[in-house]
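Presented below is the structure to which this report refers.
Number of protein chains: 2
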Amino acid sequence: MTLKAQFDHTNCGECPIRHRAVCAHCERDELEELENIKYYRSFEAGQTIIWSGDPMNFVGSVVSGIASLTQTMEDGRTQMVGLLLPSDFVGRPGRENAPYDVVATTDLVMCCFRKKPFEDMMVTTPHIAQRLLQMTLDELDAAREWMLVLGRKTAREKIASLLSIIARRDASLHQSGMVGPIVFDLPLTREAMADYLGLTLETVSRQISALKKDQVITLESKRHVTIPDMGRLMEEAGDDTDGGFLV
Amino acid sequence: MTLKAQFDHTNCGECPIRHRAVCAHCERDELEELENIKYYRSFEAGQTIIWSGDPMNFVGSVVSGIASLTQTMEDGRTQMVGLLLPSDFVGRPGRENAPYDVVATTDLVMCCFRKKPFEDMMVTTPHIAQRLLQMTLDELDAAREWMLVLGRKTAREKIASLLSIIARRDASLHQSGMVGPIVFDLPLTREAMADYLGLTLETVSRQISALKKDQVITLESKRHVTIPDMGRLMEEAGDDTDGGFLV
DNA sequence: AGGGTACTTTGACCGAAATCAAATGGAAAC
DNA sequence: GTTTCCATTTGATTTCGGTCAAAGTACCCT
Chain A
0 MTLKAQFDHT NCGECPIRHR AVCAHCERDE LEELENIKYY RSFEAGQTII
50 WSGDPMNFVG SVVSGIASLT QTMEDGRTQM VGLLLPSDFV GRPGRENAPY
100 DVVATTDLVM CCFRKKPFED MMVTTPHIAQ RLLQMTLDEL DAAREWMLVL
150 GRKTAREKIA SLLSIIARRD ASLHQSGMVG PIVFDLPLTR EAMADYLGLT
200 LETVSRQISA LKKDQVITLE SKRHVTIPDM GRLMEEAGDD TDGGFLV
Chain B
0 MTLKAQFDHT NCGECPIRHR AVCAHCERDE LEELENIKYY RSFEAGQTII
50 WSGDPMNFVG SVVSGIASLT QTMEDGRTQM VGLLLPSDFV GRPGRENAPY
100 DVVATTDLVM CCFRKKPFED MMVTTPHIAQ RLLQMTLDEL DAAREWMLVL
150 GRKTAREKIA SLLSIIARRD ASLHQSGMVG PIVFDLPLTR EAMADYLGLT
200 LETVSRQISA LKKDQVITLE SKRHVTIPDM GRLMEEAGDD TDGGFLV
C-alpha cells in the first residue's frame, strides 16, 4: 500500500490531527513553514521506531495508529511507560538520544520533522513551543495518574482503569458522547496490557474473564469490548465515579 | 524564626538555586523583572501547601527543603507521584486547579510568583518558557523511570532504587563526585517511602533491615545512611551498573 | 527524670498475583 | 480441509508482600 492510499490529505489544512497536535496553535503562515520540513513515515505493527539509547534525528506526531514507549531491564522485564495515540508527540527537542524504545503497536503513520529544523522553528515560533509545553504537562499528568494505578491498585482495578482510559479516548475521538453502551476494539494484546499494567499476561486474562463474568464488560470477541455502564466500570477502577467528563 | 533569619540572600543573584531553577536562563534584566513579582513563603514539615482540586493562584520554585506530590483514592490509599527538591518547579501555568496535593515533607521555603503575572512573563520572556519546557521534559523522564520501578521491581529493588536516587541527587548538590562511600540523611519517614514505592511501611522497614544485614548499606541511625559501594547498590536496584553518571 | 508521642522494627499468618504447565481457540498457510 | 502458529484461557502451586499485632526506640515537653 502506498502512502497516498493511506491518506486523503497532503497539506496540513486537511490533516486529521490538525487541531490537537503540536501544530494546533499555528497560524496559516507558520503551518506553511512546517509543511516545508515535514515528511510522512509509515511503520508496520510490531516494528520498532526508535531504539532506546539511539540518537534521534527526528521528532514528529502520530497521525494514525498506536505506538508505545517501553523500558526494559537487563533480565527482560519490561514496563510500558506511555501509550501514544493520534496527535501525540514523539521525541524530545534538546536531547540527543532516545530514553526508551518506541514501538508501533498497530500499523502507524507519523508526520515527521528533522530535529534540527524543528528546534530552530521552536525558537522562532512561540506557538509551537507553547503547544509543546501544554502537551508535555498533559503527558506528565497522565504519567502521574498511571503511577497511582501501578503503585496502589489491585489487578482488577488496573484492568478496569486501562479499559476506561481506552474507552474514554475512543469516545473522544468519535465525538460519541458518554451516554449508552460504549463499544471498541482493544488495540493491545494481553501481553501488551500486562506490560502496561505491571502484571503478567495470565493475570490480565483472568481478570478480564472475571469482569466478564460479573457483567462489567461484554466480549463479542477476544478484542471487541462492550461497556454497558461506564459508571460501573469507573467504580471498578476505583476512580471517582462522578469525574467522568471528557478531555 | 523570621524569613530573614533563614536566608542570606534577598536578590536573585545570590540565590542558591539561581542556576537550576525556572529562572536559570534569564538575563540580568529578565531577572530584575522576576524580582519585582516574587515573594517568599515558608512552610513547616507536614504542612499541606496545596490541596488537590483547589484553585492555584501561584507558581514557584522550591528554594530549600523537600515537598511531595501525592494522589489519594477515596478509601485512603495514597501514592506519591513526585518528589520536589530545591530548584524544582511547583504549579502549572495554564491550568486553574491543582491535580494533586502538594505537601511539605520537611521545613520548606518557596520562591513564589502570582500565577497571572508569571504567565504574562512566560509570553514575553522566551528564556522562562524554554527552561520550563526542559524542566517539564526532565520530570516526565523521571516519572517514566519511576513507572518501571512501580510496575516491575521487587520490594528490595524498589528500596535500592529510592536510596540510589536520593544518594545521587545528594552527591550532585554537594558536588562530591561519585567516589568513595556516600553518606546522607533520609528526608522521608518509612511511611513516606512506602507511599513513594507502592509498598507498606512494614515492607520498607524489613527490606532496609535486609539491605543492612547484607551490608549493601550501613545505618548510623534510623535516618542516617552510608553507602559503601554505589555500584553494588545500583546492582541491587536492577539498574545498569555502568550508567552511574551524574546529571 | 519521667511520660507521652511518633516512628520504627519484628513476628506470625494470610492472600493476591506470579509461576509453571497444559489446553483451547482462531486465523492464516498449505 | 487440515496443519501450523499465535494469542488466549484455565488450572495447580508457590511466593512475595500485605495485614494484624506487639515490642522497641528516640525525641520532645514539662
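Protein chains in written order, with numbering that gives the first Met the number 0: chain A, 0 to 246; chain B, 0 to 246. Heads up, the beta-carbon is just placed ideally off N, CA and C, and yes, glycines get one too.
Do you know offhand how far arginine 189(B)'s Cα is from asparagine 10(A)'s?
Cα to Cα, the separation comes out at about 56 Å.
Please report whether the beta-carbon of methionine 72(B) lies at a distance below 7 Å from any beta-carbon of chain A.
Yes, contact with chain A.
Once DSSP output is grouped into helix, strand and coil, what is the label at valine 224(A)?
DSSP places valine 224(A) in strand when its eight states are reduced to three.
Relative to the C-alpha of lysine 152(B), which candidate in Gly45(A), Leu33(A) and Glu73(A) has its C-alpha closest?
If we check each option's Cα against that of lysine 152(B), Glu73(A) comes out closest.
Run through DSSP, which three-state label would tyrosine 99(A) get?
The answer is coil: DSSP assigns tyrosine 99(A) none of H, G, I, E or B.
Quick check on glutamine 78(B) - is its C-beta less than 7 Å from some C-beta in chain A?
Yes - at least one Cβ of chain A is within 7 Å of the one on glutamine 78(B).
Report yes if the C-beta distance between alanine 159(B) and alanine 236(B) is below 7 Å; otherwise report no.
It is a contact, given that the beta carbons lie within the stated cut-off.
Among Met120(B), Leu68(B) and Ala128(B), which residue has its Cα nearest to the Cα of valine 102(B)?
Nearest C-alpha to valine 102(B): Leu68(B).
Tell me the rounded alpha-carbon separation between arginine 17(A) and glutamate 118(B).
The alpha-carbon atoms of arginine 17(A) and glutamate 118(B) are separated by roughly 25 Å.
Quick check: what's the CA-CA separation for arginine 130(B) versus cysteine 22(B)?
Near 7 Å, if we compare the C-alpha coordinates of cysteine 22(B) and arginine 130(B).
Using a Cβ-Cβ cut-off of 7 Å, state whether proline 116(A) counts as contacting chain B.
Answer no: the Cβ-Cβ gap between proline 116(A) and chain B never drops below 7 Å.
Is arginine 91(B) near leucine 136(A), with beta carbons less than 7 Å apart?
Yes, the Cβ-Cβ distance between arginine 91(B) and leucine 136(A) is below 7 Å.
Residues in the stretch 129-154 of chain A with C-beta within 9 Å of chain B's C-beta atoms, listed in sequence order?
Correct list: Gln129, Leu131, Leu132, Gln133, Thr135, Leu136, Glu138, Leu139, Asp140, Ala142, Arg143, Glu144, Trp145, Met146, Leu147, Val148, Leu149, Gly150, Arg151 and Lys152.
My parser needs the alpha helix (DSSP H) runs of 4 or more residues fully inside the stretch 151-224 of chain A; what are they?
The stretch 151-224 of chain A contains these whole alpha helix (DSSP H) runs: 154-172, 189-196 and 200-212.
Quick one: any contact between the stretch 109-123 of chain A and the stretch 186-201 of chain A, if contact means 3 or more CB pairs under 8 Å?
The stretch 109-123 of chain A vs the stretch 186-201 of chain A: no contact.
Using a Cβ-Cβ cut-off of less than 9 Å, give me the residues of the stretch 78-109 of chain A that come near chain B, in sequence order.
Hits within the stretch, in order: Gln78, Met79, Val80, Gly81, Arg91, Pro92, Gly93, Arg94, Pro98 and Tyr99.
Span of the beta strand (DSSP E) holding threonine 105(A)?
Looking at the DSSP string, threonine 105(A) is not in any beta strand (DSSP E), and its letter there is neither H nor E.
Examine the Cβ distances between the stretch 96-113 of chain B and the stretch 40-48 of chain B and report whether three or more of them are shorter than 8 Å.
They touch, by the three-pair rule.
How would you write the range of the beta strand (DSSP E) that arginine 40(A) sits in, first residue to last?
Arginine 40(A) -> beta strand (DSSP E) spans 37-42.
So which residues of chain A does proline 125(B) contact, with C-beta pairs closer than 9 Å?
The answer, in chain order, is Val122, Pro125 and Ala128.
Within 10 Å of its beta-carbon, does lysine 221(A) have 16 or more other beta-carbons around it, so buried, or fewer, so exposed?
Classification for lysine 221(A): exposed.
Please report the distance separating the alpha-carbon of valine 203(B) from that of valine 62(B).
Computed Cα separation, rounded: 29 Å.
Quick check on this structure: which residue in Arg76(A), Gln214(A), Asp184(A) and Gly150(A) has the alpha carbon closest to the alpha carbon of alanine 166(A)?
Here the closest residue by C-alpha is Asp184(A).
Quick check on DSSP: helix, strand or coil for proline 85(B)?
DSSP places proline 85(B) in coil when its eight states are reduced to three.
In the structure shown, what three-state DSSP assignment does aspartate 238(A) receive?
Coil at aspartate 238(A), not helix or strand.
Between which two residues does the alpha helix (DSSP H) containing valine 122(A) stretch?
Start and end: 114-123.
List, in chain order, every chain B residue whose beta-carbon is nearer than 9 Å to that of glycine 237(A).
The answer, in chain order, is Met72, Glu73, Asp74 and Arg76.
Would you mind stating whether glycine 150(B) and leucine 149(A) have Cβ atoms separated by less than 7 Å?
Yes, the pair counts as a contact, with Cβ atoms nearer than the cut-off.
Let's test the definition: count the other Cβ atoms within 10 Å of the Cβ of serine 208(A) and tell me whether it reaches 16, buried, or not, exposed.
By the 10 Å Cβ count, serine 208(A) comes out exposed.
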